[in-house]
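See structure below.
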Ligand code: ATP
Ligand code: MG
């Protein structure tokens, strides 16, 4: 019996390495320096696949990977079908927020009931947030570089992830509302949890003890 772990490269891969190490798992390569999408580890019974961050839940849902690590942002948009989410790993921490150009009075616009154009990659999250506040919005789906949208008149504001705020600042935007804190979670295929319990349970336990 063997298992496959789905990870995305970049911050999730980097911040997952110490957790894997705690479970006695060391990937054979760093995807940053290799073009391989299937990576072996020091353990013959554990492999890693490198996928786009937003695709991690899909690989685990369909059992192409047994476990994976995905941001709460990505999990909300995916919906979580077929996934068991046993642990908040407290890694890749940031926050989901509404940001607008410096000088745009977001609070006043909301107060007078203006209809706002919001650009975002996170349609579900944005729809729920503004619906709960009773704010009317037109959502514009983008796949990246949301910060550009208000600068070129595509949107009044954006819903995006922020950590340091440096990217917002560099583009003359400010955070005007916090939506929720974000971190990454361990996700497990529900069928695999039963069938591969003997190999998965020790890994889940090791991750749990290693969470900061
Ligand atoms: P891609 O870069 O392939 O378009 P992505 O932007 O979703 O995909 P990452 O930037 O590596 O990929 O983000 C992966 C996850 O890390 C996100 O889903 C989110 O949970 C978290 N994250 C995103 N931005 C930050 C940030 N600035 N600081 C901390 N964590 C972040
Ligand atoms: Mg990114």
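Numbering (UniProt numbering), first residue to last: 1 to 212. Ideal Cβ positions, reconstructed from N, Cα and C, are used throughout, including at glycine.
When DSSP assignments are scanned along the UniProt domain "ATP phosphoribosyltransferase catalytic" (52–208), the uninterrupted stretches of alpha helix (DSSP H) that are 4 or more residues long and fall wholly within it turn out to be 56–61, 72–78, 106–111, 123–133, 148–151, 166–170, 190–195.
Between the C-alpha atoms of residue 29 and residue 56 there is a straight-line separation of about 19 Å.
Contact between the segment 146–158 and the segment 103–118 is present, with at least three C-beta pairs closer than 8 Å.
Bounds of any alpha helix (DSSP H) do not take in residue 37, whose DSSP letter is neither H nor E.
Closer than 6 Å to some heavy atom of the ligand ATP: that describes the Cβ of residue 11. For residue 12, the enclosing alpha helix (DSSP H) stretches over residues 11–22. For residue 210, the secondary structure class from DSSP, reduced to helix, strand or coil, is helix. Secondary structure at residue 48: strand, using DSSP grouped into helix, strand and coil.
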